[in-house]
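> Just so we're on the same page, this note's numbering is the position in the sequence shown counted from 1, plus 213. Glycine is no exception: its CB is placed at the ideal position from the N, C-alpha and C atoms. Just so we're clear, the structure is a prediction, and the values are computed from it rather than from any experiment. Starting off with a structure, shown below.
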Amino acid sequence: MSYRVTLIPGDGIGPEVTAAARLVAEATGVAIDWEVAEAGEKAIRNQGTPLPDEVLESVRRNRLALKGPITTPIGSGFRSVNVALRQQLDLYASVRPARAIAGEGTRFPETDLVVVREATEGLYSGVEHWVDRDHTAAETVAVITRKASDRIVRFAFELARREHRKRVTAVHKANIMKTTGALFQIAFEEMAPKYPEIQADERLIDNMCMQLAKKPEEYDVIVTTNLFGDILSDLCAGLAGGLGVAPGALYGDQIAVFEPVHGSAPKYAGQDKADPVAEILCVELLLRHLGENEAADRIFHAVWETIAEKKVVTYDLALPGYTLRPVTPSSCSAMAREIARNVPRVDPHAPLPRPATLAHALDPHLES
Ligand code: NAD
């Protein structure tokens, strides 16, 4: 049997990192039939729109997509494809795991948390206007509904239960945003008692940023509204090693779309230079969603081993200050081939080795 999955290569580095992800997916032996659909700049050139109907139809039909990043054109009149996809397919839950792979690139090698972000409303509802003719004032409306708050909070608790995670933290600003913030807070407080085995607590967004910068290892699942989630998930990606290694997924009730946290990085487009790991780990999440856990574990272990070995890694994982020893950077495609080569070799059940990290070098008293 093979799975049919829509593949949206996207813009900038998108075609390179999605090609890398396909290569690694093939190495698992799980049969995937990719249905390629063009969105973004290529679609604007060929079809006059960045999000042709065929793309939406393909994703609706297959209910699964692997997506590369798509450039948001500035000043062209086109809406963001990413925001439009989420709204049109009702992909309400943006899930971004932040795991410090091989403890590299971070002072926080124990980071292992998930940001669950409401992805259809809040300050990204698209309701905004100029207040006066001279454009000296503007308003953006934050729409928060009880229905969307209930379903994202339930999603976060269900994820915690499924992944045997112990704690869900709601992040809001209900002390200042007395209606929108409070509505989200009440939804969380009324849902929490239905999951008595999971610790539930709350943080104001500003305090949460400080807490994460000091001790991210204490957090497990974070659930929050659209704008706060957008910012927190990039912050957590940075804590866990950078945008090059941060995967993500968007879930609706019927459809799941897997895409990295990073954007199209136009300055690296066509150079075979970008880190393919974030897109490759999107395939790991896709396979887990399909119940192909052994294949998913193989990908995670192969990525871990490749990064820990540091023989074939892209420039971002070879930067001075990021790694303990000098490393010559490899290309995107070379790193993908190395990970694909490791996929059948790794033992997906073995404990993951934790090499000495920058954090240990800076603080020799830290335990390995
Ligand atoms: P970006 O994520 O593209 O780049 C930010 C920085 O991270 C840059 O220095 C870039 O070179 C680096 N970087 C990103 N991905 C990398 C990778 N795989 N390997 C190594 N380095 C990497 O963010 P940006 O510059 O703000 O956005 C560029 C475009 O992407 C914009 O048009 C933006 O709207 C779009 N974007 C799309 C998505 C999406 O499709 N989901 C997400 C974010 C941004």
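1) Within a Cβ cutoff of 7 angstroms, which residues of the same chain sit near Thr284, ignoring the five residues on either side of it in sequence?
2) Report the option in Ala355, Arg359, Glu410, Ala387 whose CA atom is closest to the CA atom of His377.
3) Quick test of your reading: Val474 and Ala491, contact by CB under 8 angstroms. State the CB separation rounded to the nearest angstrom.
4) Flag this pair as touching only if the region 434 to 449 and the region 303 to 316 have three or more C-beta atom pairs under 8 angstroms; answer yes or no.
5) Determine the contact status of Phe370 and Met404, defining contact as a CB-CB distance below 8 angstroms.
6) I think Val496 touches Val272, with their Cβ atoms under 8 angstroms apart; what is that distance to the nearest whole Å?
7) Taking the beta strand (DSSP E) that Ser307 belongs to, which residues open and close that run?
8) Any heavy atom of ligand 1 closer than 7 angstroms to the beta-carbon of Glu472?
9) Is Asn295 near ligand 1 - that is, is its Cβ less than 7 angstroms away from at least one heavy atom of it?
10) Quick one: Cα of Val340 to Cα of Glu334, how far?
11) Looking only at its own chain, which residues have a Cβ that is under 7 angstroms from the Cβ of Tyr337, when we skip the five neighbours before and after it?
12) Using a beta-carbon distance below 8 angstroms, is Val328 in contact with chain B?
13) Given the structure, does Ile257 come close to ligand 1, in the sense that its CB is under 7 angstroms from one of the ligand's heavy atoms?
14) Just the Cα atoms here: how many angstroms apart are Ala240 and Val556?
15) Between Val230 and ligand 1, is there a pair consisting of the residue's CB and a ligand heavy atom that are separated by less than 7 angstroms?
16) Just the C-alpha distance for Glu562 and Ile389, rounded to the nearest angstrom, thanks.
Let me lay it out:
1) On the sequence shown, residue 284 is found 71 positions in, with the first residue counted as 1. Here the set comprises Asp224, Gly225, Gly253, Glu254, Ser477, Pro479.
2) Taking the sequence shown and counting its residues from 1, the one referred to as residue 377 is at position 164. Closest option to His377, Cα to Cα, is Glu410.
3) Position 261 of the sequence shown, counted from the first residue, corresponds to residue 474. Position 278 of the sequence shown, counted from the first residue, corresponds to residue 491. 6 angstroms between Cβ atoms; contact.
4) yes
5) The residue given as residue 370 occupies position 157 in the sequence shown. The residue given as residue 404 occupies position 191 in the sequence shown. Yes, the Cβ-Cβ distance between Phe370 and Met404 is below 8 angstroms.
6) For the purposes of this step, residue 496 is taken as the residue at position 283 of the sequence shown. For the purposes of this step, residue 272 is taken as the residue at position 59 of the sequence shown. No, Val496 and Val272 are not in contact; Cβ-Cβ is about 17 angstroms, not under 8 angstroms.
7) As a first step, residue 307 is located in the sequence shown; it is residue number 94 there, counting from the start. Ser307 -> beta strand (DSSP E) spans 306 to 312.
8) Within the sequence shown, residue 472 is the residue found at index 259, counting from 1. The nearest non-hydrogen atom of ligand 1 is less than 7 angstroms from the C-beta of Glu472.
9) Along the sequence shown, read from residue 1 onward, the residue named residue 295 stands at position 82. Yes; taking the cut-off as 7 angstroms, the Cβ of Asn295 has a heavy atom of ligand 1 nearer than that.
10) Against the sequence shown, residue 340 aligns to sequence position 127. Against the sequence shown, residue 334 aligns to sequence position 121. When rounded, the distance between both Cα atoms is 10 angstroms.
11) The residue given as residue 337 occupies position 124 in the sequence shown. Here the set comprises Val296, Asn439, Leu440.
12) Judged by its chain identifiers, the structure shown contains no chain B, having just a single protein chain.
13) Stepping through the sequence shown from its first residue, residue 257 is reached at position 44. If you check the C-beta of Ile257 against ligand 1, you find no heavy atom less than 7 angstroms away.
14) Counted from its first residue, the sequence shown places residue 240 at position 27. Counted from its first residue, the sequence shown places residue 556 at position 343. The alpha-carbon of Ala240 is positioned some 6 angstroms away from that of Val556.
15) Here residue 230 corresponds to residue number 17 of the sequence shown, with the count starting at 1. Flag set: Cβ of Val230 near ligand 1.
16) Numbered from 1 along the sequence shown, position 349 holds the residue referred to as residue 562. Numbered from 1 along the sequence shown, position 176 holds the residue referred to as residue 389. Going by the sequence as given, residue 562 is His instead of Glu. Roughly 47 angstroms separates the two Cα atoms.
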